[in-house]
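To convert, note that position 114 of the sequence shown is 113 in numbering that gives the first Met the number 0; the numbers rise steadily by one, no gaps. Just so you know, even glycine gets a beta-carbon here, dropped at the ideal spot from N, CA and C. So the structure is just underneath, and the comments pick up after that.
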Amino acid sequence: MRRALLWFKNDLRLDDHPALQAGLDAECLLPVFIFEPEQFELGALGSRPLGVHRARLLLESLAALDGALRQRGSHLLFLQGLAEQLIPQLTERFHLQEVLTLAEIAPDERRRLDRVSERLGPVELRELPSNGLLRAEQLPCEPIELPQVFSQFCPLIEQQLYVFQPRPAPEHLPPLPQGAEQLLRALPSLSQLGLGEPLSVAASAFPFAGGEVAGMARLRDYLWNSQNVRHYQQTRDGMIGSEYSSKFSPWLANGCLSPRRVAAELRRHEAQFGRNDSTHGLWVELLWREFFRWTLLRHGSALFQVGALKATANTPQQVDARFQQWCHGRTGMPLVDANMRELAATGYISNRGRQVVACYLVNDLQQDWRHGAAWFEEHLIDYDPASNWGNWAYLAGVACDPRYNHLFNALRQARQYDPEAVYVSLWLPELRHVPMHLRHTPFLLTHLQLGELNYPRLEQIPEAWTPYLPNAAA
Ligand SMILES: Cc1cc2nc3c(=O)[nH]c(=O)nc-3n(C[C@H](O)[C@H](O)[C@H](O)COP(=O)(O)OP(=O)(O)OC[C@H]3O[C@@H](n4cnc5c(N)ncnc54)[C@H](O)[C@@H]3O)c2cc1C
0 MRRALLWFKN DLRLDDHPAL QAGLDAECLL PVFIFEPEQF ELGALGSRPL GVHRARLLLE
60 SLAALDGALR QRGSHLLFLQ GLAEQLIPQL TERFHLQEVL TLAEIAPDER RRLDRVSERL
120 GPVELRELPS NGLLRAEQLP CEPIELPQVF SQFCPLIEQQ LYVFQPRPAP EHLPPLPQGA
180 EQLLRALPSL SQLGLGEPLS VAASAFPFAG GEVAGMARLR DYLWNSQNVR HYQQTRDGMI
240 GSEYSSKFSP WLANGCLSPR RVAAELRRHE AQFGRNDSTH GLWVELLWRE FFRWTLLRHG
300 SALFQVGALK ATANTPQQVD ARFQQWCHGR TGMPLVDANM RELAATGYIS NRGRQVVACY
360 LVNDLQQDWR HGAAWFEEHL IDYDPASNWG NWAYLAGVAC DPRYNHLFNA LRQARQYDPE
420 AVYVSLWLPE LRHVPMHLRH TPFLLTHLQL GELNYPRLEQ IPEAWTPYLP NAAA
């Protein structure tokens with residue numbers, strides 16, 4: 000009988016967990032989570048990887064995981080430090096023969112696994128299939144031969160009839176190694192991690208808690224109770240409230256939900272109630288997630304460079320004061336500012352909002368897209384390296400996409416997706432008393448009026464906005 004360590008990272012669940020399944024027949028199993036110092040250090044692009052909202056959700060997810068392990072006779076050991084030092088110390092101290100964990104796709108995380116493996120000596124580091132939908136052996140071709148453009152990737156994958164059979168959470172777990180109880184500590188608080196406590200915001204589009212139980216409850220609710228999935232195609236461009244989209248992403252990013260569980264439940268829902276545009280639409284979005292995962296695996300650190308995957312791209316390489324204005328929701332373009340304020344206040348914004356602010360940063364403000372991606376990395380509660388950097392590169396026109404870049408007309412977007420200015424009024428209180436027809440265009444007010452509102456003046460009105468200005472629309 001083996002003695003094993005189970006290293007949790009961004010897979011904070013018991014359901015459909017290949018590494019946990021691989022450890023079930025061990026004589027003893029030590030579940031461990033490590034807070035790495037680099038998660039809290041300023042990165043090269045000036046952001047901190049783990050901002051307060053992300054950290055809050057992470058702590059909630061860890062508390063839920065520890066609770067689920069305790070119900071099954073185990074515990075989660077929390078440690079702070081370098082995995083390559085701590086894991087070999089534990090295997091030696093408790094005579095463990097094997098370390099089980101999920102494989103990684105992002106370059107930094109893969110390098111970390113390599114460092115741990117090197118330091119483990121004869122102890123094996125077993126990497127089990129990670130948080131993707133498809134395993135390499137299920138692909139219709141070699142990973143390297145997968146199409147690099149989504150419009151070709153999607154139909155190729157769709158031709159296969161995948162059957163997802165996630166394994167449910169086990170009822171019992173092997174005991175901890177003898178003596179490991181002495182190392183158990185309480186989960187650190189946000190302030191012990193050197194972070195502030197985020198305020199809870201009533202208007203948040205993600206009013207949920209982290210953790211597997213909450214994630215599974217949302218899955219049940221969205222697919223089975225409210226069945227809001229059946230209207231997804233009509234609501235997905237919304238920006239207000241919890242119901243316009245599934246909100247699965249924060250749980251998927253922390254691994255509290257398995258994408259294979261989501262896909263299996265979606266299939267089960269379609270088998271019972273029928274497939275419609277909306278259920279299919281959600282499936283296609285899960286394939287986007289998958290597409291970006293394989294893209295990251297294939298291109299590795301190139302995805303994080305300014306030219307990303309397109310060497311000829313002519314993308315802005317500068318950052319100046321306009322970047323800070325963008326970060327803090329002070330550009331003078333209300334739809335952009337409202338989204339950036341929502342992001343800072345809650346850690347979540349809609350897909351529509353992400354596209355608008357990303358395109359505005361790159362195309363209108365002419366700033367280096369990687370700084371925007373790094374800001375998202377710090378703040379998004381659903382931050383996921385493949386989806387974040389993949390979407391940013393795609394919108395900045397430096398992914399493997401035939402189109403050069405994605406020009407969004409921010410004012411047109413505002414008119415289309417926030418016609419009554421309800422969204423900007425929600426997040427920009429200073430504009431609530433501006434006449435409704437001017438709330439998307441406060442830059443048309445006089446200097447004096449704008450000064451009284453304490454809202455910044457847009458430096459220059461882009462020519463392309465002319466058809467969407469109030470007098471043009473009248
Ligand atoms: C600039 C930019 C950055 C982004 N960064 C992230 C990120 O760090 N993490 C992240 O999970 N998503 C990211 N997205 C994708 C998308 O905005 C979110 O997945 C989505 O808004 C999450 O809300 P939801 O779960 O309600 O999505 P739904 O619309 O309900 O979609 C269901 C699921 O499909 C997947 N999905 C949907 N859209 C996309 C997409 N465009 N790319 C990849 N997967 C998708 C997600 O897993 C999502 O949970 C980003 C998009 C943009 C434009």
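**Message:** According to DSSP, is residue 335 part of a helix, a strand, or is it coil?
**Reply:** Position 336 of the sequence shown, counted from the start, is the residue given in the question as residue 335. It is helical.
**Item:** Residues sharing a beta bridge with residue 100, DSSP
**Value:** Walking along the sequence shown from the start, residue 100 turns up at place 101. Looking at the DSSP assignment, residue 100 forms a beta bridge with 126.
**Whole-Å CB distance - residue 115 paired with residue 78, under 8 Å assumed** = Translated into the one-based positions of the sequence shown, residue 115 becomes position 116. Translated into the one-based positions of the sequence shown, residue 78 becomes position 79. The pair is not a contact, with the Cβ atoms about 13 Å apart (cut-off 8 Å).
**Message:** When you measure from the CB of residue 9 to every non-hydrogen atom of ligand 1, does any distance come out below 6 Å?
**Reply:** Indexing the sequence shown from 1 puts residue 9 at position 10. Result no, Cβ not under 6 Å from ligand 1.
**Message:** Are there any heavy atoms of ligand 1 lying less than 6 Å away from the beta-carbon of residue 288, as far as the coordinates show?
**Reply:** What you label residue 288 is simply residue 289 of the sequence shown in a count that begins at 1. Checking the Cβ of residue 288 against ligand 1 gives yes.
**Message:** I want to check one thing, is the minimum distance from the CB of residue 387 to the heavy atoms of ligand 1 below 6 Å?
**Reply:** Counting from 1 along the sequence shown, the entry for residue 387 is found at position 388. Within the cutoff, so yes.
**Straight-line gap, residue 56 to residue 327 (C-alpha atoms, nearest Å)** = Counting from 1 along the sequence shown, the entry for residue 56 is found at position 57. Counting from 1 along the sequence shown, the entry for residue 327 is found at position 328. Distance between the alpha carbons of residue 56 and residue 327: 22 Å.
**With 16 other Cβ atoms within 10 Å as the buried cut-off, status of residue 217** = The residue you call residue 217 lines up with position 218 of the sequence shown. Flag for residue 217 reads buried.
**Asked** Could you give the residue range of the beta strand (DSSP E) that holds residue 30?
**Response** What you label residue 30 is simply residue 31 of the sequence shown in a count that begins at 1. Start and end: 27-34.
**Message:** Per DSSP, what are the beta-bridge partners of residue 2 in this structure?
**Reply:** Residue 2 sits at position 3 when you count from the first residue of the sequence shown. Answer is 27, bridged to residue 2.
**Prompt:** When the Cα atoms are used, what is the spatial distance from residue 304 to residue 359?
**Reply:** Residue numbering aside, residue 304 sits at position 305 when the sequence shown is read from its first letter. Residue numbering aside, residue 359 sits at position 360 when the sequence shown is read from its first letter. Distance between the alpha carbons of residue 304 and residue 359 is about 20 Å.
**Prompt:** Start and end of the beta strand (DSSP E) containing residue 76?
**Reply:** Counting from one through the sequence shown, the residue named residue 76 turns up at place 77. Here the beta strand (DSSP E) through residue 76 covers 76-79.
**Prompt:** Using 8 Å as the Cβ pair cut-off and three pairs as the minimum, do the stretch 39-49 and the stretch 377-384 touch?
**Reply:** yes
**Message:** Under 6 Å: does the beta carbon of residue 130 sit that close to some heavy atom of ligand 1?
**Reply:** Walking along the sequence shown from the start, residue 130 turns up at place 131. Not so, every heavy atom of ligand 1 lies at least 6 Å from the Cβ.
**Prompt:** Can you find a heavy atom of ligand 1 that lies under 6 Å from the Cβ of residue 285?
**Reply:** Within the sequence shown, residue 285 is the residue found at index 286, counting from 1. True, at least one ligand heavy atom lies under 6 Å from that Cβ.
**Request:** Assign residue 440 to buried or exposed, taking buried as 16 or more other Cβ atoms, counted over all protein chains shown, within 10 Å of its Cβ.
**Result:** For the purposes of this step, residue 440 is taken as the residue at position 441 of the sequence shown. Flag for residue 440 reads buried.
**Alpha-carbon spacing of residue 100 relative to residue 1, whole angstroms** = Numbered from 1 along the sequence shown, position 101 holds the residue referred to as residue 100. Numbered from 1 along the sequence shown, position 2 holds the residue referred to as residue 1. Straight-line Cα distance between these residues: approximately 15 Å.
**Request:** For residue 472, name the three-state secondary structure that DSSP assigns.
**Result:** Locating residue 472 in the sequence shown gives position 473, where the first residue counts as 1. The predicted model places residue 472 with a pLDDT of 43, which falls under 50 and marks its position as unreliable; any figure quoted below should be read in that light. Residue 472 falls in the helix class under three-state DSSP.
**Prompt:** Taking residue 71 as the reference, which of 215, 280 and 169 has the closest Cα?
**Reply:** Working through the sequence shown from its first residue, we reach residue 71 at position 72. The option with the nearest alpha carbon to residue 71 is 169.
**Asked** Among all the DSSP beta bridges, which residues are the ones paired with residue 7?
**Response** Residue mapping note: residue 7 aligns to position 8 of the sequence shown, counting from 1. 32.
**C-beta atoms of residue 236 and residue 347 nearer than 7 Å** = In the sequence shown, residue 236 corresponds to position 237, counting from 1. In the sequence shown, residue 347 corresponds to position 348, counting from 1. Against a cut-off of 7 Å, the Cβ pair of residue 347 and residue 236 comes out as no contact.
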